[in-house]
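The listed protein sequences correspond, in order, to chains A and B.
For what it's worth, my numbering labels the leading residue of the first sequence as 4, then goes sequentially.
For what it's worth, my numbering labels the leading residue of the second sequence as 4, then goes sequentially.
Ideal Cβ positions, reconstructed from N, Cα and C, are used throughout, including at glycine.
Bear in mind the structure is a predicted one, so any value in this text is a computation, not a measurement.
2 protein chains.
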Amino acid sequence: MLVSAMTTPRSGRPALARPDGTPLRVLVVDDDPDLAEVLSGALRYEGWEVRAAGDGGTAVAEARDLMPDAVVLDVMLPDTDGFGVLRSLHTVKPDVCVLFLTARDAVEDRIAGITAGGDDYVTKPFSLEEVVARLRGLLRRAGMARQLEEGPRLCVGDLVMDEEAREVTRSGELIELSPTEFELLRFLMRNPRRVLSKAQILDRVWSYDFGGQAHVVELYISYLRKKVDAGREPMIHTVRGAGYLLKPVTR
Amino acid sequence: MLVSAMTTPRSGRPALARPDGTPLRVLVVDDDPDLAEVLSGALRYEGWEVRAAGDGGTAVAEARDLMPDAVVLDVMLPDTDGFGVLRSLHTVKPDVCVLFLTARDAVEDRIAGITAGGDDYVTKPFSLEEVVARLRGLLRRAGMARQLEEGPRLCVGDLVMDEEAREVTRSGELIELSPTEFELLRFLMRNPRRVLSKAQILDRVWSYDFGGQAHVVELYISYLRKKVDAGREPMIHTVRGAGYLLKPVTR
DNA sequence: GGAACTTCTGAGGCGGCTCTGAGGACTCTG
DNA sequence: CAGAGTCCTCAGAGCCGCCTCAGAAGTTCC
């Protein structure tokens with residue numbers, strides 16, 4: 004089952020590209036077409052060339068055709084399990100990076116065995132920010148993609164985030180964040196000087212099956228302010244009726 | 004309310020065009036024919052080549068024929084839901100931009116995820132100015148349309164508006180605006196040196212179901228003057244019996 | 001199995017935003 | 001100069017958006 008094909012990245016950021024200049028390619032494999040659509044959309048937006056497949060057989064066929072740099076692979080598939088697909092993928096393209104999608108209660112050690120090769124995994128339900136970030140991490144570690152070589156540091160003013168170490172500092176001082184706080188801040192830092200609506204934030208930072216209200220965003224913004232701004236000149240700003248905005252202090 | 008259909012853009016600005024010179028194409032999908040007509044009219048006025056559809060099936064067929072650069076899509080359709088149409092649209096044209104229309108109370112529901120790909124949405128009742136602006140934002144981020152590449156800055160004289168950051172400055176000084184003030188000013192700035200009637204302003208800046216009087220326009224113009232002109236040489240001018248006009252100060 | 005932490009819900013309150021109404025100023029006309 | 005029409009501005013009521021607190025439920029770690 005072919006879900007969608009693809010031509011160009013739509014994102015404002017520079018297209019992800021390999022040393023030869025062609026865009027990075029990713030294959031999304033999930034039997035839930037809605038989820039595959041959402042993932043494809045998000046990755047396309049990030050500059051990937053995306054193709055999607057709904058089962059293991061199609062996935063391998065698509066991989067042979069596309070020769071993807073990375074694969075986002077649901078472990079539970081209608082025809083085969085993730086392990087079979089993984090073996091086939093490695094036959095097709097030995098150096099492919101794989102990001103597994105797995106249910107929370109899946110057997111942890113089997114996943115651990117699979118990811119030994121440098122691959123990674125994310126448990127469902129996940130947030131798009133997490134998938135995108137993990138995939139970036141994989142590629143960086145694999146040494147692909149020129150744009151990613153710059154390192155895992157994210158800077159806005161004197162606010163610095165080390166994504167790999169999951170460490171945040173402001174003017175040198177360490178800031179401790181909970182997982183959600185961290186991911187929210189990462190999203191803000193990847194979109195500085197831009198108003199982000201609560202709905203946008205909810206879409207990217209919270210998991211796709213979150214049924215709650217936009218009110219949580221307000222709450223977590225409030226948490227972040229206490230830790231990030233904390234008496235200092237504020238970097239997180241409310242734009243009434245529009246959303247929130249992170250920007251360096253103007254001097 | 005029915006707006007007369009027209010063939011060529013009436014607007015003073017150049018027609019929106021893609022790199023190859025042909026005008027940008029948009030498909031409007033809404034089951035309310037009046038609303039579809041209003042939207043179509045406004046977008047045509049902005050220089051788009053417009054076609055409309057009333058349900059998901061027709062929409063996909065039209066899309067296959069038109070190959071639109073963007074789609075304005077009501078989430079609630081008689082035959083399918085937004086996800087289905089979105090998936091079909093992406094199969095037809097993977098790089099299409101989608102702007103969703105949704106009822107206010109449906110936002111919390113399950114819009115989350117749909118917009119993940121960098122697509123955007125607007126809640127009903129919306130103002131035309133908002134739809135047009137969002138659509139421009141989408142296209143800009145997608146890197147289409149030569150005219151839009153200039154960036155998200157709107158300048159009239161020393162008055163500068165950064166739409167993404169929702170920031171307005173006059174000769175460098177920051178001006179704080181409420182949501183309505185912001186949208187009114189945006190409309191004025193996108194139509195400089197042109198007299199805009201109160202009715203025109205009401206139609207574009209206020210949502211289509213606003214029942215109030217033209218008096219609010221006077222009021223908000225007065226608010227804007229206090230903030231934008233504020234002692235300086237005035238840029239906002241009243242044309243008695245006709246409307247208002249924004250222009251740079253002439254020396 | 002308990003303690004610490006994290007996440008989310010609900011309620012209360014504050015302040016800003018939007019719009020109405022009224023009074024006054026300005027402009028044009030007869 | 002009077003009157004009508006148009007526009008400007010102020011004051012205030014109600015509403016809505018946002019912030020914060022407190023606590024319940026779930027999770028992790030020892």
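Residues bridged to residue i [DSSP beta-bridge criterion]
i: glutamate 176 of chain B; result: B:Arg173
i: glycine 50 of chain B; result: Its beta-bridge partners do not exist; DSSP assigns none.
i: valine 29 of chain A; result: A:Val53, A:Ala73
i: lysine 127 of chain B; result: B:Ala106
i: leucine 162 of chain B; result: B:Val159, B:Arg173
i: valine 101 of chain B; result: B:Val74
i: aspartate 84 of chain B; result: B:Met79
i: alanine 20 of chain B; result: B:Pro26
Local Cβ density within 10 Å of residue i, reported as buried at 16 or more and exposed below that
i: cysteine 158 of chain B; result: exposed
i: leucine 222 of chain B; result: exposed
i: glutamate 179 of chain B; result: exposed
i: lysine 229 of chain B; result: exposed
i: glutamate 236 of chain A; result: exposed
i: arginine 156 of chain B; result: exposed
i: glutamate 52 of chain B; result: buried
i: glutamate 167 of chain A; result: exposed
i: proline 97 of chain B; result: buried
i: serine 174 of chain A; result: exposed
i: alanine 82 of chain B; result: In the sequence as presented, alanine is not what sits at residue 82 of chain B; that position holds aspartate. So aspartate 82 of chain B counts as exposed.
i: glycine 244 of chain A; result: exposed
i: valine 78 of chain A; result: buried
i: valine 252 of chain B; result: exposed
i: arginine 169 of chain A; result: exposed
i: arginine 13 of chain A; result: At arginine 13 of chain A, the pLDDT of 44 sits below 50, so the modelled position is not reliable; the number obtained from the coordinates is stated separately. That one is buried.
Span separating the alpha-carbon of residue i from that of residue j
i: threonine 94 of chain B; j: leucine 46 of chain A; result: 16 Å
i: glutamate 49 of chain B; j: glycine 121 of chain B; result: 22 Å
i: valine 163 of chain A; j: tyrosine 226 of chain A; result: 18 Å
i: isoleucine 117 of chain B; j: isoleucine 204 of chain A; result: 13 Å
i: arginine 21 of chain A; j: arginine 54 of chain A; result: 17 Å
i: leucine 69 of chain B; j: valine 32 of chain B; result: 13 Å
i: proline 26 of chain B; j: phenylalanine 86 of chain A; result: 49 Å
i: isoleucine 239 of chain B; j: serine 181 of chain B; result: 18 Å
i: arginine 207 of chain A; j: alanine 64 of chain A; result: 30 Å
i: glycine 57 of chain B; j: alanine 136 of chain B; result: 23 Å
i: leucine 188 of chain B; j: glycine 160 of chain B; result: 14 Å
i: valine 125 of chain A; j: leucine 104 of chain B; result: 32 Å
i: alanine 233 of chain A; j: leucine 92 of chain A; result: 49 Å
Test item: CB-CB of residue i and residue j under 7 Å
i: arginine 67 of chain B; j: glutamate 40 of chain A; result: no
i: aspartate 72 of chain A; j: leucine 102 of chain A; result: no
i: glycine 59 of chain B; j: leucine 30 of chain B; result: no
i: valine 198 of chain A; j: valine 242 of chain A; result: yes
i: glutamate 133 of chain B; j: phenylalanine 190 of chain B; result: no
i: aspartate 212 of chain B; j: proline 128 of chain B; result: yes
i: lysine 201 of chain A; j: glycine 146 of chain A; result: no
i: proline 195 of chain B; j: leucine 249 of chain B; result: yes
i: alanine 62 of chain B; j: valine 88 of chain B; result: yes
i: valine 74 of chain A; j: valine 99 of chain A; result: yes
i: serine 43 of chain A; j: serine 130 of chain A; result: no
Distance cut-off 6 Å: residue i Cβ against heavy atoms of the ligand COA
i: glutamine 203 of chain B; result: Questions concerning the ligand COA fall outside what the structure shown contains, since it holds no ligand whatsoever.
- Message: Please give the ranges of any beta strand (DSSP E) in the segment 180–254 of chain A, keeping only runs that are unbroken, at least 3 residues long and fully inside the region.
- Response: 239–242, 246–249
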